[in-house]
Every structure is written in structure tokens, then in C-alpha cells.
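Q:
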Ligand SMILES: Cc1cc2nc3c(=O)[nH]c(=O)nc-3n(C[C@H](O)[C@H](O)[C@H](O)COP(=O)(O)O)c2cc1C
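Residue numbers (my numbering): 60 to 268.
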């Protein structure tokens, strides 16, 4: 499948084949493919909780407006956006800094500059913090769905869930925000897929003020 086919054929699939699990090696591969997603300063403020056990998925379904696909899909993921992913002392931030030094793109003397740049851009208020984590995690989530499609795996993104309940039921630390859940699996061929949905065209998308 070339990229245009992947983009055109990806659909939010409501019904997953309950008898067709996803090979764990493919789950790993799609996550690794999505890890190539760009992020601000390469900070990668995303994590995933990967649920494959029926019991866990049912627990999530109860927090997600009882949407059946949450537990019918063989793999359902909770996408996490790390609101602290630009903080000084954060493990990934430190690794990014050290990797930049190793690659020769930064020097140890630039530590203060790097920290000031991050906190000026993202640390102003709650809105800038949330924007930082969610825009990057959103790109990652989209890449995951395209990577899945390229491997023949269907998906369904969802924000129909109770954020507080999912945080509590899965013991998610407060530094995270959940931008969306994604169900992954194979479309149940006994069901019919609705026709592709309307999209805004070029002239609707491009604006000037
Ligand atoms: C962030 C996000 C949240 C969504 N939440 C839900 C949801 O909770 N339940 C649902 O049935 N569909 C949900 N959808 C699926 C959209 O309705 C669907 O992607 C859209 O109608 C376009 O259809 P298509 O993906 O098949 O082209 C969500 C999609 C996105 C991107």
C-alpha cells in the first residue's frame, strides 16, 4: 500500500473481528514506526498503556460510554500526553539533551539556554502546557493509526470517555493527560463499512484573515 492508499483506506472501524488477534510483533512494529513522529525539541511527550486482556478492556469500556469496540478490539491503547515532558530533570528531556551532545548539535554549556527555551514556550500557563503535550501526542496517535494501516491493521480513535475515571481506574499519574483512546484490530468482514465520509476540500481548509 502506498501512502495515498493508507491515508484513503484508513477508517474509524466500529466492528472488529473478535477471532483475529494482532500478532504482538506487529503491535511492537507499529509503535516503533510511530516513534519516528516529529516532536518539539524532539521531546516525545507521549506514552501508551496497551491493553490486551479482556478484563482490562472491559474496565476501560465502562469508562468510555460503554463503546463495545473498546473491548471487542484485540488491542486497545490509552494514549498519554506528558504535561511534564519539557521539565528540567525529566528522564526523556535529559536523554534528549545528552543525545544532542553526543551528536554534536548541542554543548553542555547550552543546558540553561535549552531549559529557558522550553519553559518560555510551554511553561507559561495550563493552556500552553496542555497544548505542548497534546499536539505532540496527537501527532504520535495519528502516526500510530497510519502505521497500523500500513501493516493491515484497522483502528478507531475515541474521545468519548470519562477522563477522570480512566485516570483513576488505571492509576495514571497526574502529570499525564489522555488525549484519546485507540482501538486496534481487523475489521469484521461480516459487517458493512459506511461509505467514506465527507471531508472539507482545499478551498475550505485554506483561509486568510
Ligand atoms: C480525536 C477523535 C475522537 C473520536 N472519538 C470517537 C468516539 O468516541 N466514538 C466514535 O464512535 N468515534 C469517534 N471518533 C471517530 C470519528 O467519528 C471518525 O474518525 C470521523 O467520523 C471520520 O470517519 P473516518 O475516520 O472513518 O474517516 C473520533 C475521532 C477522533 C479523531
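A virtual CB, placed ideally from N, CA and C, is assigned to each residue, including glycine.
Does the region 113 to 121 touch the region 207 to 219, meaning 3 or more C-beta pairs lie closer than 8 Å?
A: Not touching, per the Cβ criterion.
Q: Cα-Cα, which of 204, 155, 196 and 145 is closest to residue 179?
A: Against the chain shown, residue 179 aligns to sequence position 120. Ranking 204, 155, 196 and 145 by Cα distance to residue 179 puts 145 first.
Q: Do residue 143 and residue 234 come within 7 Å of each other at the CB atom, strictly closer than that value?
A: Counting from 1 along the chain shown, the entry for residue 234 is found at position 175. Counting from 1 along the chain shown, the entry for residue 143 is found at position 84. Their beta carbons are under 7 Å apart, which means residue 234 touches residue 143 by this criterion.
Q: From residue 185 to residue 238, what distance separates their C-alpha atoms?
A: Within the chain shown, the letter at position 126 stands for residue 185. Within the chain shown, the letter at position 179 stands for residue 238. In a straight line, the C-alpha of residue 185 is about 15 Å away from that of residue 238.
Q: Could you please give me the residues that DSSP links to residue 67 through a beta bridge?
A: In the chain shown, counting from the first residue as 1, residue 67 sits at position 8. DSSP lists no partner for residue 67.
Q: Using the rule of at least 16 other Cβ atoms within 10 Å of the residue's Cβ for burial, across every protein chain shown, is residue 266 buried or exposed?
A: Mapped onto the chain shown, residue 266 falls at position 207. Classification of residue 266: exposed, given that the 10 Å Cβ count is below 16.
Q: Output needed for residue 174: all residues of its chain with C-beta closer than 7 Å, excluding positions within five of it in sequence on either side, in chain order.
A: Position 115 of the chain shown holds residue 174. Cβ neighbours of residue 174 beyond the five flanking positions: 147.
Q: With 16 as the cutoff for other CB atoms within 10 Å, does residue 195 come out buried or exposed?
A: Numbered from 1 along the chain shown, position 136 holds the residue referred to as residue 195. Buried: at least 16 other Cβ atoms inside 10 Å.
Q: Taking 6 Å as the cut-off, is the beta-carbon of residue 239 closer than that to any non-hydrogen atom of ligand 1?
A: The sequence position of residue 239 within the chain shown is 180, counting from 1. Because some heavy atom of ligand 1 lies under 6 Å away, the Cβ of residue 239 counts as near it: yes.
Q: Ends of the alpha helix (DSSP H) at residue 264?
A: As a first step, residue 264 is located in the chain shown; it is residue number 205 there, counting from the start. Run containing residue 264: 261 to 264, per the alpha helix (DSSP H) assignment.
Q: Nearest-angstrom Cα distance between residue 176 and residue 158?
A: Counting from one through the chain shown, the residue named residue 176 turns up at place 117. Counting from one through the chain shown, the residue named residue 158 turns up at place 99. If you take the alpha carbons of residue 176 and residue 158, they lie about 18 Å apart.
Q: Could you pull out every residue in the same chain whose Cβ sits closer than 6 Å to the Cβ of residue 74, ignoring the five residues on either side in sequence?
A: Counting from one through the chain shown, the residue named residue 74 turns up at place 15. Correct list, in chain order: 247 and 250.
Q: Count the other CB atoms within 10 Å of the CB of residue 97; is the residue buried (16 or more) or exposed (fewer)?
A: Along the chain shown, one-based indexing puts residue 97 at 38. Answer is exposed; the Cβ neighbour count stays below 16.
Q: Sorry if obvious, but does the Cβ on residue 182 come closer than 6 Å to a heavy atom of ligand 1?
A: The residue you call residue 182 lines up with position 123 of the chain shown. It does not: the Cβ of residue 182 is nowhere closer than 6 Å to a heavy atom of ligand 1.
Q: Return the CA-CA distance between residue 124 and residue 222, expressed in angstroms with no decimal places.
A: Walking along the chain shown from the start, residue 124 turns up at place 65. Walking along the chain shown from the start, residue 222 turns up at place 163. One C-alpha to the other measures close to 11 Å.
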